[in-house]
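Sequence order for the protein chains is A and B.
Numbered according to this note's numbering, the first sequence spans residues 10 to 549.
Numbered according to this note's numbering, the second sequence spans residues 163 to 383.
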Amino acid sequence: MLLKQAIAGLCLAIVTAGNAVAEDAVSKSTADHSKFPSLQKDFKSGPEVTEACLECHTEADDQFMHSIHFTWEYDHPDTGQKLGKKNVINAFCGSVAGNEPRCTSCHAGYGWDDMNEAPPQKETAKDCLVCHDTSDQYTKLATGAGHPPMEAKGKTITGQKAWAVDLKKAAMSVGMPDRDNCGNCHFYGGGGDNVKHGDLSSVLYNPSFDVDVHMSPKSEGGEDMVCSDCHVSDRHQWAGSRYNVLASDPHGTGKPGEERHAASCQSCHGDAPHPTNIKGMKLNDHTDTLACQTCHIPEFARGGVPTKSMWDWSTAGKMDETGKPYSEDKYTSSMGKHMHTYMSTKGNFEYAENAVPHYAWFDGQVEYTTIDRKIDPTNTVDVNVIHGDRADGSSRIWPFKRMEGRQAYDKVNENLVYTHVWGPTTDTAFWTNFDWAKAIDAGMKAANQPYSGEFGFVDTYMYWPITHMVAPAEDAVGCVECHQENGRLADVAGVFMPGTDPNSWIGLLGKAIILMSFLGVIGHSLLRLFSRNSKGDHHG
Amino acid sequence: MAKRIVKVYPAFERLWHWMQVILILTLMVTGMGLNGVHGLIPFGQAVMLHTLAALALLALWVFATFWLFTTGTWKQFIPKIEGMVAVARFYAYGVFKGEEHPYEKIFWRKHNPLQAATYFVLKWFIFPAIWITGLLYLTYNFWAGSDSVLAITLIANLHLLSAYVIGAFIIIHVYLLTVGHGFREHVKPMVTGYDEIDLTPEQEAYLESNEPERLKPVAEG
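Right, here's the structure in full:
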């Protein structure tokens with residue numbers, strides 16, 4: 010019997026191994042780009058490579074030029090606002106307008122250096138390699154308006170010393186996007202590792218299971234997934250938007266085989282993902298109020314890379330005793346990295362690691378305090394307003410990174426301003442001249458916006474939906490984290506949660522009833538004790 | 163009339179009572195935890211325990227209701243005004259003077275009038291209040307819409323208030339066991355089933371010929 014089992018097991022092992030070998034031996038793709046003569050050239054520039062790509066992929070540039078990765082513009086269908094990097098103001102470096110080649114170094118195209126105009130429309134101005142290079146040595150220059158470094162000079166978009174990229178090698182390697190294709194830009198938003206999002210950092214190049222169950226290796230129990238496994242694309246348009254978020258997804262997985270263009274949890278896990286037992290049913294009951302992320306991403310900025318949590322621009326511009334710009338490094342990350350807490354160029358910073366999110370009702374709509382919105386400088390200004398309300402049925406309570414800022418605004422017109430911070434050769438850029446008046450004036454001119462000439466600084470909040478770095482189930486937020494007094498959701502309106510208010514007036518009334526019963530019983534028994542004169546009440 | 167030791171609490175009624183004790187105590191302790199009064203049990207486990215104990219108690223009550231109506235025992239719980247004042251007066255005054263309890267247990271009436279009235283209110287108002295609100299609370303997601311916050315708030319508070327009233331009942335119920343014949347004497351019948359009862363000659367004769375196992379033989383002397 011035992012022998013029979015052993016033989017069966019061995020056979021199974023051999024068959025499985027055989028399949029694995031067959032899978033590895035045969036290419037997944039029907040095309041090996043290293044065999045194409047038109048790619049075996051010594052390309053001199055990025056656009057030359059694009060030209061070669063378009064010889065076969067005739068519709069690619071037309072598809073791509075309509076995608077937000079290229080236009081940096083988004084017309085919000087519900088609010089009517091014109092959003093996208095081209096237009097918005099944020100709580101980090103402020104705006105792209107006025108700071109092109111630096112900001113557009115992450116543009117998926119070549120040579121966009123003026124936000125007043127659309128990106129270069131020439132068909133070869135699209136950057137195919139930034140997303141499709143799999144040789145892992147293609148990169149973009151930090152200040153090159155999207156162009157790759159052709160010599161070892163300057164810095165790359167991830168802050169490393171630049172190297173001369175081998176465009177031939179990159180062109181011959183092309184394939185579907187991997188983590189670094191997305192991460193080299195998106196992990197470094199805001200000018201550094203995890204500065205902006207809080208849930209997107211270089212940790213995700215190779216995360217451990219406890220940081221991200223989806224992207225960690227299979228050997229650790231993970232799924233070894235890449236960004237585009239969830240952010241599925243159709244005609245070079247990707248699922249998942251930060252301007253118009255799918256806050257709830259009642260469609261779930263859909264029918265078997267149904268194609269879904271949604272980067273939601275539900276599109277794989279369904280809308281009743283917990284097991285059908287009493288506990289699982291109770292947890293499933295929470296899905297009408299909570300986003301999956303709210304419980305399953307207990308903290309953001311996990312894995313050792315902190316995120317910037319506060320940026321105070323108003324203190325920028327101080328000089329040391331010798332009159333030179335200086336910096337302070339008073340924050341140390343859990344990995345021992347010393348990080349700037351003050352820079353003359355940028356002001357004061359604070360960081361957060363393993364940070365508990367801010368929670369709010371969210372219907373997916375994000376409204377931006379764009380230049381045309383009046384602000385109230387006496388209050389903290391929301392740079393982006395998170396919309397949502399329990400009553401609408403589609404809002405869920407979502408986790409956010411709430412970035413605190415203090416940034417420049419126009420005192421007379423009462424709006425946030427565009428600032429010209431980067432520009433090593435201009436006499437107006439803040440980072441070289443340390444003069445706000447000039448920097449704002451230049452920024453507003455660059456964005457073609459009216460400016461009164463009087464500026465001040467206003468406190469701001471900026472909200473970043475947290476949706477990556479999903480933790481293992483056993484690390485999910487425990488019930489009591491919310492079901493207690495002053496729990497995680499204490500500030501979220503429109504929720505009834507057991508356990509959060511033991512001293513409600515009914516709770517107090519109940520306690521009074523119990524107290525009175527005890528007092529009555531004690532009083533009664535004392536009276537019995539002291540009045541037991543002649544007979545006593547124990548007569549049994 | 164003759165005092166006889168009679169089995170007044172059959173096995174099912176005793177099982178019913180003591181199961182209720184266990185389940186209600188479980189519900190009290192877990193419920194207080196869920197309300198945030200204490201943090202002795204992890205919230206998730208408390209929810210599970212509370213739910214299971216509640217479902218078990220409801221099942222028990224279904225059996226008990228069936229038993230009450232098929233055996234006619236339900237009549238025991240119908241309150242009567244007659245004699246109630248005397249019992250109230252005893253607890254408020256007579257007990258301090260060392261008077262005898264005015265109520266003598268009779269075969270068809272094992273509760274004194276005040277007791278019967280209390281159980282009547284408990285069974286007809288407080289218990290239904292707690293299990294109806296409890297079931298609505300448990301099944302919230304089957305009926306609620308996005309505008310049901312007020313409804314669930316009311317339901318939860320009614321549930322909580324009922325629980326506190328039951329808590330008060332338990333305190334007084336246990337305390338009153340110490341009055342009169344004493345705690346042990348009062349608890350004993352609910353354990354053994356037997357209590358001393360005044361029987362009419364007819365009842366005595368009936369039991370002796372038809373249900374002799376319910377009567378203990380008269381002790382010598």
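Virtual Cβ for every residue (Gly too), placed ideally from N, Cα, C.
Chain B has a Cβ within less than 8 Å of the Cβ of residue 399/A.
Contact annotation: residue 188/B and residue 300/B have beta-carbon atoms that are not nearer than 8 Å. No Cβ of chain A is located within less than 8 Å of the beta carbon of residue 265/B. Residues of the segment 36-60 of chain A with a Cβ closer than 8 Å to any Cβ of chain B: none.
The CB of residue 494/A comes closer than 9 Å to the CB of 198 in chain B, given here in chain order. Membership of residue 332/B in any beta strand (DSSP E) is not indicated; the residue belongs instead to the alpha helix (DSSP H) covering 311-338. Under the Cβ criterion of 8 Å, residue 274/B is not counted among the residues facing chain A.
Contiguous beta strand (DSSP E) elements confined to the segment 369-404 of chain A occur at 375-377 and 393-395, taking only those with 3 or more residues. Within chain B, the residues whose beta carbon sits less than 8 Å from that of residue 511/A are 197, 198 and 199, listed in sequence order.
Counted as a single uninterrupted DSSP element, the beta strand (DSSP E) harbouring residue 356/B occupies residues 356-361. With a 10 Å radius around the Cβ and a threshold of 16 neighbouring Cβ atoms, residue 476/A comes out buried. Residue 281/A carries a coil assignment under DSSP once its states are collapsed to helix, strand and coil.
Residue 295/B: member of the alpha helix (DSSP H) spanning 289-300, first to last residue. For residue 315/B, the chain A residues whose C-beta falls within less than 7 Å of its own C-beta are 505, listed in chain order. For residue 325/A, the CB contacts under 6 Å within the same chain, skipping 5 residues up- and downstream, are 355 and 356 in chain order. When 533/A, 503/A, 278/A and 457/A are compared, the shortest CA-CA separation from residue 399/A is found for 503/A. Going by DSSP, residue 359/A is part of the beta strand (DSSP E) stretching over 356-361. Proximity to residue 144/A across 456/A, 352/A, 42/A and 375/A peaks at 42/A, based on C-alpha coordinates. Taking residue 99/A as the centre and dropping the five residues before and after it, the same chain places the C-beta of 392 and 471 closer than 7 Å to its C-beta, in chain order. Residue 204/B belongs to the set of residues whose beta carbon lies under 8 Å from a beta carbon in chain A. Identification of chain B residues near residue 515/A by a Cβ-Cβ cut-off of 9 Å yields 318, 319, 320, 322, 323 and 326, ordered along the chain. Against residue 287/A, the close residues of chain B are 210, 213 and 214, in the order they occur along the chain (beta-carbon pairs closer than 8 Å). Along the segment 464-494 of chain A, going in chain order, the ones with a CB nearer than 8 Å to a CB of chain B are 487, 488, 489, 492, 493 and 494.
Nearest neighbour of residue 67/A by Cα position, chosen from 256/A, 234/A, 137/A and 253/A, turns out to be 137/A. Under the Cβ distance rule, residue 218/B does not count among the residues neighbouring chain A, no pair being separated by less than 8 Å. Contact annotation for residue 330/B against chain A: 522, 523 and 526 [CB-CB distance below 7 Å, chain order].
For residue 296/A, the number of other beta carbons within 10 angstroms of its own is at least 16, and it is reported as buried. In this structure, the CA atom of residue 203/B is about 44 Å from the CA atom of residue 376/B.
Within the segment 163-191 of chain A, no residue places its CB atom closer than 8 Å to a CB of chain B. Measuring C-alpha to C-alpha distances from residue 443/A to each of 507/A, 335/A and 106/A identifies 335/A as the nearest. For residue 518/A, the closest Cβ of chain B is nearer than 8 Å. Classified as buried, residue 150/A has 16 or more neighbouring CB atoms from the shown chains inside 10 Å of its CB. Each of 228/B, 303/B, 316/B and 253/B was checked against the Cα of residue 339/B, and the nearest Cα belongs to 253/B. C-alpha of residue 351/B to C-alpha of residue 246/B: approximately 23 Å in a straight line. Secondary structure note for residue 318/A: its beta strand (DSSP E) is the uninterrupted segment 316-321. Listed along chain B are 257 and 258, each with a C-beta nearer than 7 Å to that of residue 537/A.
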